[in-house]
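Okay, so the sequence shown: first residue is 1 according to full-length UniProt numbering, each after it adds one.
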Amino acid sequence: MKPGDALSATGKGCTPGERVTLTSDGERVGGAYADATGAFTAAVEFTRIEAGRHTVVADCGVRLTGAVEQVVTSSSGGHSGTLVVLVFFVLAGITLIRFP
């Protein structure tokens, strides 16, 4: 998953109408109620992104587990190449002014 991606958990085997609480690493990340067949779908929202595999537990009397792999990425935005070229021309200009 990437930041901003929607994430949901689905499962079945709960008592119909039972409250389903989703947790990961001891933190509540979502919740729902089981439908008439004992199935549920709930949005999962992590409050912090930490790289690695995280187990999500759905508890409705029965404990169901799944895993989410979080990846942290970064981007320089493409400005570093432009900065190097700009610094080169500034230094070349200074050299030309000092040593005509």
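Glycine included, every Cβ here is placed at the ideal spot set by N, Cα and C.
Proximity below 8 angstroms, CB of residue i to CB of residue j
i, j, result
"residue 39", "residue 31", "no"
"residue 23", "residue 57", "yes"
"residue 33", "residue 20", "yes"
"residue 27", "residue 53", "no"
Residue i - DSSP class collapsed to helix/strand/coil
i, result
"residue 47", "coil"
"residue 65", "strand"
"residue 52", "strand"
"residue 57", "strand"
"residue 103", "Because the chain here runs from 1 to 100, residue 103 falls outside it and cannot be looked at."
"residue 29", "strand"
"residue 34", "coil"
Exposure label - residue i; buried when at least 16 CB within 10 Å
i, result
"residue 71", "exposed"
"residue 6", "exposed"
"residue 36", "exposed"
"residue 11", "buried"
"residue 67", "exposed"
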